[in-house]
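**Student:** After the structure tokens below, expect a handful of questions from me.
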Amino acid sequence: MKKIALLISLPILVFSLSNFKAIPKESKSIVIKSGGAMVTFAGKRNGEISKTTALTTTELFAKYPKDAKIVSFKMVVTTGDKVIELLATGNKLTSKMRTQIKHTAKGKKIVFSKILVEWREGKSIPAPSISLKLT
């Protein structure tokens, strides 16, 4: 009798396990896409930045991949109805960029976009934009 009960319950168990799907636990860590780069301005990628910190920070920093160099980037600031776009080569802000930050009102955003990072064998890879609100 026990053998019959076992034979009947075994296919039910196998069938129920075959439809089981594990749901992965959601990760809270930052995932960097393969081939991407991570760049910061004053250690930040988004959020808020004091105007003093923005004025004293003179360059963007490539945190990932290791040994990467910033080739170029664009800084965009919107003041009133004007959109001002300034280009730079390398990782340093130009004097025009620093002057623009100085004249940008608190509450406005500065955005660093079109960031290109040079990595292995001179290959340039893009980095996500940095958007910071001046406080």
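For reference, each letter of the sequence shown is one residue, going 75 to 209 in the working numbering.
In this text, a Cβ means the ideal position worked out from N, Cα and C, and glycines have one as well.
Since the structure is predicted, the reported quantities are computational estimates derived from the model, not experimental observations.
Can you tell me the Cα-Cα spacing of SER169 and LYS140, whole angstroms?
**Tutor:** If I take the Cα positions, the gap works out to 28 Å.
**Student:** Please state whether DSSP places SER203 in a helix, a strand or coil.
**Tutor:** Of the three classes helix, strand and coil, the one that applies to SER203 here is coil, per DSSP.
**Student:** State the Cα-Cα distance for the pair SER108 and ARG194, rounded to the nearest angstrom.
**Tutor:** Confidence is the limiting factor: at SER108 the pLDDT is only 47, short of 50, which leaves the residue's position unreliable, though a coordinate-based value still follows. One C-alpha to the other measures close to 14 Å.
**Student:** Starting from ALA128 and walking both ways along the alpha helix (DSSP H), at which residues does that stretch end?
**Tutor:** Looking at the DSSP string, the run of the alpha helix (DSSP H) that includes ALA128 is 125-130.
**Student:** Please confirm whether ALA113 and VAL150 have their CB atoms less than 7 Å apart.
**Tutor:** Reading off the sequence shown, one finds Val at residue 113, where the question assumed Ala. Result no, Cβ atoms of VAL113 and VAL150 do not sit closer than 7 Å.
**Student:** Note down the Cα distance separating THR163 from LYS176, rounded to an integer number of angstroms.
**Tutor:** Between THR163 and LYS176, the C-alpha separation is close to 21 Å.
**Student:** With burial defined as no fewer than 16 other Cβ atoms inside 10 Å of the residue's Cβ, what is the status of ALA179: buried or exposed?
**Tutor:** Flag for ALA179 reads exposed.
**Student:** Out of THR127, GLY196 and LEU190, state which residue places its alpha-carbon closest to the alpha-carbon of PRO202.
**Tutor:** Nearest C-alpha to PRO202: LEU190.
**Student:** Going by DSSP, what residue range makes up the alpha helix (DSSP H) through THR209?
**Tutor:** Where THR209 is concerned, there is no enclosing alpha helix (DSSP H), given that its DSSP letter is neither H nor E.
**Student:** Kindly indicate the opening and closing residues of the alpha helix (DSSP H) around LYS170.
**Tutor:** Taken as a continuous stretch (DSSP letters only), the alpha helix (DSSP H) holding LYS170 covers 169-177.
**Student:** Report yes if the C-beta distance between GLU133 and LYS166 is below 7 Å; otherwise report no.
**Tutor:** In this structure, LYS166 lies closer than 7 Å to GLU133 by Cβ.
**Student:** Is VAL105 buried or exposed, if buried means 16 or more other CB atoms sit within 10 Å of its CB?
**Tutor:** Its pLDDT being 40, under 50, VAL105 is placed unreliably by the model, and the measurement read from it follows with that caveat. Exposed: under 16 other Cβ atoms inside 10 Å.
**Student:** Near VAL145, which residues of its chain fall below 6 Å by C-beta distance, leaving aside the five closest residues on each side in sequence?
**Tutor:** For VAL145, where only same-chain residues beyond five positions count, the Cβ hits under 6 Å are LEU190, GLU192 and SER198.
**Student:** Below 7 Å between beta carbons: does that hold for LYS188 and LYS148?
**Tutor:** Contact flag set, yes.
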